[in-house]
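What follows is a single structure, written as structure tokens, with notes after it.
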Amino acid sequence: MSKIALITGATSGIGKATAEAFADLGINLILCGRRLERLYEIQEILSEKVKVNILTFDVRNRAEVEKALHTLPEELRAIDILVNNAGNAHGLTPIQDGNPDDWDAMIDGNVKGLLYVSKTIMPWMIARKKGHIVNISSIAGKATYPNGNVYCASKAAVEAISEGMRLDLNPHGIKVTNVAPGAVETEFSLVRFKGDEKRAEAVYNGFVPLTPQDVAESIAFAVTRPAHVVVADMTLFPVAQASATVLRRDS
């Protein structure tokens with residue numbers, strides 16, 4: 125029987141690439157996001173390989189999350205893999221100059237959204253005594269960098285939540301994997317800089333960043349380990365990067 129994976133933030137970047145990687149493995153999909161048109165496009169393509177269902181909601185809205193997930197029929201609640209990928213960065217400024225609206229967006233999306241989705245799905249996994257939760261953190265959650273303040277804090281929370289999940293879900297046989305990518309070229313910087321394409325492109329100048337596919341392949345590796353093996357924590361860098369603040373650029 126084919127496994128079922130639910131992926132949040134599936135309309136682009138790491139989420140979309142993970143959906144593609146899972147489809148190649150024959151894993152049926154429940155793809156979640158806010159951009160319905162993109163979800164339809166991905167569904168049409170991947171339905172040639174696996175069964176694809178879509179849900180549209182904003183992870184920051186608890187009522188929306190609960191309502192959408194509870195529309196799933198009983199057979200689709202047998203979720204084997206949950207990938208908590210939805211989230212974003214907003215702004216890159218000293219904390220004293222930060223925009224509270226940006227702080228809310230990051231904490232609500234990166235932290236509370238992950239919790240809202242997990243809260244609904246964890247009981248379904250517990251009832252079946254199996255499941256695998258993959259939380260997408262960031263190198264920013266392991267090392268704070270200048271002007272990253274609240275974004276780094278939100279990803280440090282993901283790291284702590286992942287560890288807490290692993291401890292609390294251990295009696296139920298549920299795996300938890302934390303994935304912390306370094307520099308990945310996605311829409312991330314375009315969102316962080318509020319559509320400033322020039323500034324977003326400059327983030328990746330002078331080196332070869334990770335691609336969403338690189339991260340997706342690592343997630344696929346983690347979820348295909350034998351039943352007795354869990355990849356607990358995974359940090360990914362492009363070769364040019366050594367830490368959150370050390371990155372070699374070609375002149």
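Position one of the sequence shown corresponds to residue 125 (this note's numbering), numbered consecutively onward. The beta carbon of each residue, even a glycine, is placed where N, CA and C say it ideally should be. Please read these numbers as outputs of a predicted model, since none were measured by experiment.
Among the options, the one whose alpha carbon lies nearest that of residue i
i      : options                           : result
Ile128 : Leu206, Glu172, Gly237 and Gly222 : Leu206
Val339 : Pro305, Thr310, Glu321 and Thr348 : Pro305
Ile263 : Leu179, Tyr275 and Ile257         : Tyr275
Lys318 : Ala134, Asp225 and Asp357         : Asp225
Thr348 : Val308, Gly255 and Ala280         : Gly255
Glu199 : Val303, Val370, Val353 and Met249 : Met249
Ser278 : Gly288, Arg158 and Lys236         : Lys236
His214 : Asp292, Leu314 and Phe361         : Leu314
Val327 : Asp221, Asp374, Asn223 and Ala141 : Asp374
Glu341 : Leu196, Gly139 and Asn212         : Gly139
Opposing strand residues paired with residue i [DSSP bridges]
i      : result
His214 : Bridge partners of His214: none, in fact.
Leu130 : Ile154 and Leu206
Lys299 : His256
Ile178 : Leu155
Pro305 : Leu360
Leu371 : Gln365
Pairwise C-alpha distance: residue j and residue i
i      : j      : result
Lys175 : Ala145 : 14 Å
Ala210 : Gly233 : 7 Å
Val183 : Glu311 : 18 Å
Thr301 : Thr359 : 11 Å
Glu172 : Thr135 : 18 Å
Leu179 : Ala187 : 14 Å
Val355 : Lys191 : 32 Å
Val332 : Val363 : 8 Å
Ser286 : Lys299 : 10 Å
Ile203 : Ala351 : 16 Å
Ala324 : His194 : 37 Å
Ala267 : Ala229 : 21 Å
Arg158 : Gly330 : 33 Å
Ala251 : Phe361 : 37 Å
Leu371 : Leu196 : 44 Å
CB of residue i within 8 Å of CB of residue j, strictly
i      : j      : result
Arg208 : Asn177 : Looking at the sequence itself, residue 208 is Asn, so the reference to Arg does not match. Contact flag unset, no.
Ile219 : Leu130 : no
Arg316 : Leu163 : no
Lys253 : His296 : yes
Val334 : Ala366 : In the sequence under discussion, the amino acid at residue 334 is Leu, which differs from the Val named in the question. No, the pair does not count as a contact, with Cβ atoms beyond the cut-off.
Leu149 : Gln167 : no
Gly137 : Pro336 : yes
Ile343 : Val282 : no
Thr369 : Tyr240 : no
Leu153 : Ala143 : yes
Asn273 : Gly222 : yes
- Task: Scan the region 269-354 and note each continuous alpha helix (DSSP H) run of 4 residues or more that stays entirely inside, going in chain order.
- Result: 273-293, 312-316, 321-326 and 336-347
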